[in-house]
Ligand SMILES: C[S@@+](CC[C@H](N)C(=O)[O-])C[C@H]1O[C@@H](n2cnc3c(N)ncnc32)[C@H](O)[C@@H]1O
């Protein structure tokens with residue numbers, strides 16, 4: 011074991027650091043835990059997603075292992091898939107959330123200029139009309155969201171929603187992602203991860219302008235991704251699936267993933283506003299390790315989370331090629347009753363699924379929101395099944 015600490019990382023204090031196993035891989039895992047530089051490439055940063063992996067970390071982890079394909083059973087906003095595509099790999103992503111699916115689909119799009127032009131022109135037209143719109147959303151939407159928006163923001167958003175849903179071509183999923191990207195920003199919700207209500211005045215027309223701006227941004231970003239993806243890279247395969255039932259049409263060389271940290275977010279309910287605007291029902295019970303489970307009792311929550319960890323790890327192990335690798339990025343859970351260690355459960359689940367450890371890196375950092383520290387880990391496992 012090599013333990014180093016305490017040390018400074020850009021703005022954050024790492025108070026402890028552990029690197030174990032293969033030296034080359036361990037050094038890469040440790041480096042991936044430390045990256046903090048802002049990046050602005052491809053479709054990264056187009057749409058928020060809580061606890062998104064740093065794109066440079068995703069790139070390093072993919073580059074560390076050979077192969078033609080990369081899977082991610084907890085794709086969230088799709089960071090790992092985007093980097094897999096840019097590395098010329100087949101990207102296979104799944105997530106239980108419908109909102110994640112919409113974002114990841116848009117972020118892995120390499121749509122041609124004809125589609126992007128149609129998307130931009132539809133957005134320009136809707137943005138020009140929206141400030142004059144008078145129609146409020148239908149009752150089933152309005153009653154759940156009225157308290158979250160100023161009245162003129164509601165009419166602007168409703169006009170955009172109708173226009174997006176009326177478009178029938180391949181630009182529609184992209185327009186949906188653009189619409190989705192406005193829904194928290196234009197609301198009184200403090201942020202994607204905080205449901206605190208913070209009313210403020212948003213001048214008339216600025217929501218429509220933002221919609222048009224985001225459509226142009228997505229167009230630019232998709233074009234940049236298309237340019238970066240090497241010729242003959244297979245199209246990505248992105249869909250909705252519960253990770254505990256993960257299956258793939260053919261074996262994968264590499265899975266890089268960041269499952270939910272236990273008791274950290276309620277990923278599905280956090281998307282409250284988006285699911286109402288899109289009229290979607292989510293299967294909240296399928297979410298792994300949500301914070302709300304701990305409110306019902308820590309002991310039951312930990313054993314459910316450990317059990318779910320074993321289920322998805324076993325399913326992923328079965329999908330790997332003979333020499334395939336699994337890389338898991340996870341942080342310990344923080345609860346009022348203390349922290350939840352994720353390393354033991356992750357390592358035991360991998361061993362039970364027939365994998366051996368290649369390397370591991372862990373960093374302990376101060377958690378600015380709480381008066382404590384949190385360990386974050388990256389594990390690399392290799393398929394040991396013959
Ligand atoms: C840490 S986030 C992944 C972030 C992602 N790596 C990124 O860069 O955006 C964890 C994800 O797990 C998803 N999730 C939770 N339970 C799940 C389940 N049972 N099956 C699949 N995905 C699940 C959440 O919706 C969330 O997107």
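In the working numbering, the protein residues as written are 11 to 396.
In this text, a Cβ means the ideal position worked out from N, Cα and C, and glycines have one as well.
Computed from a predicted structure; not experimentally measured.
How long is the line joining the alpha carbons of residue 217 and residue 279, rounded to whole angstroms? Stepping through the chain shown from its first residue, residue 217 is reached at position 207. Stepping through the chain shown from its first residue, residue 279 is reached at position 269. Distance between residue 217 and residue 279, taken at the CA atoms: about 24 Å.
Would you say the beta carbon of residue 89 comes nearer than 7 Å to a heavy atom of ligand 1? Along the chain shown, read from residue 1 onward, the residue named residue 89 stands at position 79. Yes.
If you run the structure through DSSP and keep just helix, strand and coil, what is residue 252? The residue labelled residue 252 in the question sits at position 242 within the chain shown. In this structure, DSSP gives residue 252 a state outside helix and strand, which the three-state scheme calls coil.
Quick check on the burial criterion: 16 or more other C-beta atoms within 10 angstroms. Buried or exposed for residue 242? What you label residue 242 is simply residue 232 of the chain shown in a count that begins at 1. Around the beta carbon of residue 242, fewer than 16 other beta carbons lie within 10 angstroms, which makes this residue exposed.
Between residue 141 and residue 45, what straight-line distance do the alpha-carbon atoms span, to the nearest angstrom? By one-based count along the chain shown, residue 141 stands at place 131. By one-based count along the chain shown, residue 45 stands at place 35. Going by the C-alpha atoms only, they are around 42 Å apart.
Is there contact here, the stretch 259-269 with the stretch 65-83, by at least three beta-carbon pairs under 8 Å? With the cut-off at 8 Å, the stretch 259-269 and the stretch 65-83 touch.
Give the single residue among 151, 158, 41 and 271 whose Cα lies nearest to the Cα of residue 344. What you label residue 344 is simply residue 334 of the chain shown in a count that begins at 1. Among 151, 158, 41 and 271, the Cα nearest to that of residue 344 is on 271.
Bridge partners - residue 54, DSSP secondary structure assignment: As a first step, residue 54 must be located in the chain shown, where it is residue number 44. In the DSSP output, where bridge partners are listed per residue, residue 54 has none listed.
Return yes when the Cβ of residue 111 is within less than 8 Å of the Cβ of residue 250, no when it is not. The count along the chain shown starts at 1 and reaches residue 250 at position 240. The count along the chain shown starts at 1 and reaches residue 111 at position 101. Going by C-beta atoms, residue 250 is nearer than 8 Å to residue 111.
From residue 16 to residue 372, what distance separates their C-alpha atoms? Stepping through the chain shown from its first residue, residue 16 is reached at position 6. Stepping through the chain shown from its first residue, residue 372 is reached at position 362. Confidence at residue 16 is low in this model, with a pLDDT of 39, below 50, so the placement of that residue should be treated as unreliable; the coordinate-derived value is given next. Each residue's Cα considered, the two are about 13 Å apart.
Is residue 264 near ligand 1 - that is, is its Cβ less than 7 Å away from at least one heavy atom of it? One-based indexing of the chain shown puts residue 264 at position 254. Because no heavy atom of ligand 1 lies under 7 Å away, the Cβ of residue 264 does not count as near it: no.
Keeping to the same chain, check which residues put their C-beta closer than 6 Å to that of residue 154; ignore five residues upstream and five downstream. One-based indexing of the chain shown puts residue 154 at position 144. Only 286 meet the Cβ criterion.
Here's a check: name, in chain order, each residue in its chain whose Cβ is nearer than 7 Å to the Cβ of residue 120, leaving out the five neighbours to either side. As a first step, residue 120 must be located in the chain shown, where it is residue number 110. Sequence-distant Cβ neighbours of residue 120 in its own chain, meaning closer than 7 Å and more than five residues away, are 232, 235, 236 and 239.
Let me check one thing: in DSSP terms, what residues is residue 372 bridge-paired to? For the purposes of this step, residue 372 is taken as the residue at position 362 of the chain shown. Answer by DSSP bridge pairing, in chain order: 28 and 387.
Could you tell me whether the stretch 52-72 touches the stretch 23-37, where touching means 3 or more Cβ pairs closer than 8 Å? The stretch 23-37 and the stretch 52-72 do not touch, with fewer than three beta-carbon pairs separated by less than 8 Å.
Under a three-way DSSP split, which group does residue 207 fall into? For the purposes of this step, residue 207 is taken as the residue at position 197 of the chain shown. Three-state result, residue 207: strand.
Heavy atom of ligand 1 less than 7 Å from the Cβ of residue 388, yes or no? Counting from 1 along the chain shown, the entry for residue 388 is found at position 378. Every heavy atom of ligand 1 is 7 Å or more from the Cβ of residue 388, so no.
Taking all protein chains shown into account, do 16 or more other C-beta atoms lie within 10 angstroms of the C-beta of residue 200, making it buried, or fewer, making it exposed? Taking the first residue of the chain shown as position 1, residue 200 is located at position 190. When all chains shown are included, residue 200 counts as exposed.
Quick check: is any heavy atom of ligand 1 less than 7 Å from the C-beta of residue 253? The sequence position of residue 253 within the chain shown is 243, counting from 1. At least one heavy atom of ligand 1 is nearer than 7 Å to the Cβ of residue 253, so yes.
Where residue 380 sits in the DSSP three-state scheme: If you number the chain shown from 1, residue 380 lands on position 370. Residue state, collapsed to three classes: coil.
Using a threshold of 8 Å, state whether the C-beta atoms of residue 221 and residue 137 are closer than that. Here residue 221 refers to the residue found at position 211 when the chain shown is read from its first residue. Here residue 137 refers to the residue found at position 127 when the chain shown is read from its first residue. In contact: residue 221 and residue 137 (Cβ atoms closer than 8 Å).
Using a threshold of 8 Å, state whether the C-beta atoms of residue 339 and residue 388 are closer than that. Translated into positions along the chain shown, residue 339 becomes position 329. Translated into positions along the chain shown, residue 388 becomes position 378. Cβ atoms of residue 339 and residue 388: closer than 8 Å.
Roughly how many whole angstroms lie between the Cα atoms of residue 257 and residue 207? Stepping through the chain shown from its first residue, residue 257 is reached at position 247. Stepping through the chain shown from its first residue, residue 207 is reached at position 197. So the two alpha carbons sit approximately 40 Å from each other.
In chain order, what residues of the same chain have a beta carbon less than 7 Å from the beta carbon of residue 180, not counting five sequence neighbours either side? Residue numbering aside, residue 180 sits at position 170 when the chain shown is read from its first letter. For residue 180, where only same-chain residues beyond five positions count, the Cβ hits under 7 Å are 121 and 125.
Could you say which of 58, 310 and 43 lies nearest to residue 69 if we only look at CA atoms? By 1-based counting over the chain shown, the position of residue 69 is 59. Looking at 58, 310 and 43, the one whose alpha-carbon comes closest to that of residue 69 is 43.
For a test of your reading of the model: does the CB of residue 298 fall under 7 Å from any non-hydrogen atom of ligand 1? Yes or no. The count along the chain shown starts at 1 and reaches residue 298 at position 288. Yes, the beta carbon of residue 298 sits closer than 7 Å to at least one heavy atom of ligand 1.
Validate contact between the stretch 181-199 and the stretch 126-134 using beta carbons, cut 8 Å, 3 pairs: Because the criterion of three Cβ pairs below 8 Å is met, the stretch 181-199 and the stretch 126-134 touch.
Just to confirm before moving on: does the CB-CB distance between residue 109 and residue 52 stay below 8 Å? Working through the chain shown from its first residue, we reach residue 109 at position 99. Working through the chain shown from its first residue, we reach residue 52 at position 42. Annotated as distal: residue 109 and residue 52, with beta-carbon spacing of 8 Å or more.
Given that a residue counts as buried once 16 or more other Cβ atoms are within 10 Å of its Cβ, and exposed if not, what is residue 210? Position 200 of the chain shown, counted from the start, is the residue given in the question as residue 210. Counting the other Cβ atoms within 10 Å of the Cβ of residue 210 gives fewer than 16, which makes it exposed.
Quick one: what's got a C-beta closer than 8 Å to residue 356's C-beta in the same chain, skipping five residues either side? Residue numbering aside, residue 356 sits at position 346 when the chain shown is read from its first letter. For residue 356, same chain residues with a beta-carbon under 8 Å away, outside a window of 5 residues either side, are 319, 323, 338, 340, 387 and 389 in chain order.
Between the Cα of residue 185 and those of 36, 170 and 194, spot the shortest distance and give me the residue it belongs to. Numbered from its first residue, the chain shown carries residue 185 at position 175. The shortest Cα separation from residue 185 among 36, 170 and 194 belongs to 170.
With a CB to CB cut of under 6 Å and the five nearest residues on each side skipped, what residues in its chain are close to residue 224? Taking the chain shown and counting its residues from 1, one reaches residue 224 at position 214. Annotation for residue 224: 188 and 191 place their beta carbon closer than 6 Å to its own, counting only its chain and skipping 5 residues before and after.
Following a CB-centred definition, is residue 277 positioned closer than 7 Å to any heavy atom of ligand 1? Position 267 of the chain shown, counted from the first residue, corresponds to residue 277. Yes, the beta carbon of residue 277 sits closer than 7 Å to at least one heavy atom of ligand 1.
Cβ-based neighbour list, residue 244, same chain, cut-off 7 Å, excluding 5 preceding and 5 following: As a position in the chain shown, residue 244 is number 234, starting the count at 1. If the five residues before and after residue 244 are omitted, its C-beta is found closer than 7 Å to the C-beta atoms of 100, all from its own chain and listed in chain order.
Any non-hydrogen atom of ligand 1 within 7 Å of residue 303 CB: Within the chain shown, numbered from 1, the residue matching residue 303 stands at position 293. Incorrect: residue 303 has no Cβ contact closer than 7 Å to ligand 1.
Is it buried or exposed for residue 401, if we count other Cβ within 10 angstroms and need 16 for buried? Only positions 11 to 396 of the chain appear in this structure, which leaves residue 401 out of reach.
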